[in-house]
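Chemist:
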Amino acid sequence: MDATPVGLRPASEVLAPASTLGVSNFGVTPNLSYTAEVVTSPADLLRGRGIQVTAQRLAVLRAVSSAPHITADAVADVVRREIGSISLQSVYDTLGLLAAEGLIRRIQPSGSPARFETRVGDNHHHLICRSCGRLVDVDCAVHAAPCLTPADGQGYEIEEAEVAYWGRCPDCVADARAADTASSATRRIRPRPVGRAARVTSRARRRDDTPTA
Numbered sequence: 003m004d005a006t007p008v009g010l011r012p013a014s015e016v017l018a019p020a021s022t023l024g025v026s027n028f029g030v031t032p033n034l035s036y037t038a039e040v041v042t043s044p045a046d047l048l049r050g051r052g053i054q055v056t057a058q059r060l061a062v063l064r065a066v067s068s069a070p071h072i073t074a075d076a077v078a079d080v081v082r083r084e085i086g087s088i089s090l091q092s093v094y095d096t097l098g099l100l101a102a103e104g105l106i107r108r109i110q111p112s113g114s115p116a117r118f119e120t121r122v123g124d125n126h127h128h129l130i131c132r133s134c135g136r137l138v139d140v141d142c143a144v145h146a147a148p149c150l151t152p153a154d155g156q157g158y159e160i161e162e163a164e165v166a167y168w169g170r171c172p173d174c175v176a177d178a179r180a181a182d183t184a185s186s187a188t189r190r191i192r193p194r195p196v197g198r199a200a201r202v203t204s205r206a207r208r209r210d211d212t213p214t215a
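Below you can see the structure in the form of structure tokens.
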């Protein structure tokens, strides 16, 4: 296999089938007649972009690959478990470098911390749950970057579109429905007062019904 880290080749020349590409092997899910070549070594990815290979950068890249849509804080936790002490600022700097070089993608949901993923190049969209914050990938709406075309580009050369679909994930929808069902059942089976409690309730109702002068 050619050692070029993320070279473009016609799809017919790619050794691995498109269905096998994904974040676990630092591949890119294709949607055009060209696809990114699979590269299994994070070190090769860094060298291919002219980035000096360090333990810190390798650990950050592996952390993002292991958990798609990971936050910077979570990356720092993973890296510390792997190589020891590292400052959060160093993690941010490394994430910024990797994103600038196109090795990872930065996602910024409104009102939420930035997320990072290794699925790059296809300009896919995201589904975000308003209840629990879960974020998942969804393929490009038109199967080609930039996925959406503005009504008036005003002379801009559009490269990508950032699209987020907000709603509730299946688990949160199911939980909400279960809670509604339980609440309705509780209202229907409210126990009637018996014995002394029933007599007290009855007298109270009669007093309430007595007309005032």
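Counting in this note's numbering, the sequence shown runs from 3 upward without gaps.
Note that CB positions come from ideal geometry on N, CA and C, so glycine has one too.
#1: When we look at the beta-carbon of Glu161 and count the other beta-carbons within 10 Å, is it buried (16 or more) or exposed?
#2: Please state whether the Cβ-Cβ distance between Val93 and Ala61 is less than 7 Å.
#3: Give me the DSSP bridge partner(s) of Ala166.
#4: In angstroms, rounded to a whole number, what distance separates the CA positions of Gly169 and His128?
#5: Please go through the same chain and pick out, in chain order, the residues whose beta-carbon is closer than 6 Å to the beta-carbon of Glu119, but skip the five residues on each side of it.
#6: If you run the structure through DSSP and keep just helix, strand and coil, what is Val140?
#7: Can you check which of these residues, Asp141, Arg117, Glu164, Val140, is closest to Thr151 by C-alpha distance?
#8: Have a look at Gly52, Leu90, Cys134, Asp124 and flag the residue whose alpha-carbon is nearest the alpha-carbon of Ala146.
#9: Might you give, ordered along the chain, the residues of its own chain that have their beta carbon closer than 6 Å to the beta carbon of Ser133, omitting 5 neighbours on each side?
#10: So Ala74 packs on Leu97, CB below 8 Å; how close in whole Å?
#11: Between Val140 and Tyr167, what straight-line distance do the alpha-carbon atoms span, to the nearest angstrom?
#12: Let me know if Pro261 comes out buried or exposed under the rule of 16 or more other beta-carbons within 10 Å of its beta-carbon.
#13: CB-CB under 7 Å to Ala2, same chain, minus the five flanking residues each way: which ones, in chain order?
#14: Helix or strand or just coil, what does DSSP make of Thr56?
#15: Leaving out five residues before and five after Leu34 in sequence, what residues of the same chain have Cβ atoms less than 7 Å from its Cβ?
#16: Kindly indicate which three-state DSSP category Thr151 falls into: helix, strand or coil?
#17: Taking DSSP's pairing of strands, which residues face Ile72 in a bridge?
#18: Between which residues of its own chain and Cys149 is the CB-CB distance below 6 Å, once the five residues before and five after are set aside?
#19: Is the Cβ-Cβ distance between Arg51 and Glu103 less than 7 Å?
#20: For Ser112, which option in Val55, Ile130, Arg64 has the closest C-alpha, if you only look at C-alpha atoms?
Modeler: Taking the geometry as given:
#1: exposed
#2: It is not a contact, given that the beta carbons lie outside the stated cut-off.
#3: According to DSSP, Ala166 shares a beta bridge with His128.
#4: 11 Å
#5: Pro70, His71, Arg107
#6: The answer is strand: DSSP assigns Val140 an E or B state.
#7: Glu164
#8: Asp124
#9: Arg170, Cys174
#10: 6 Å
#11: 9 Å
#12: Any question about residue 261 goes unanswered here, given that the chain covers just 3 to 215.
#13: This structure does not reach residue 2, given that the chain is present from 3 up to 215, and the question cannot be answered.
#14: coil
#15: Confidence in Leu34 is poor, its pLDDT being 39 and thus under 50, which makes the residue's placement too unreliable to answer from.
#16: coil
#17: Phe118
#18: Asn125, Cys142, Ala143, Ala163
#19: yes
#20: Ile130
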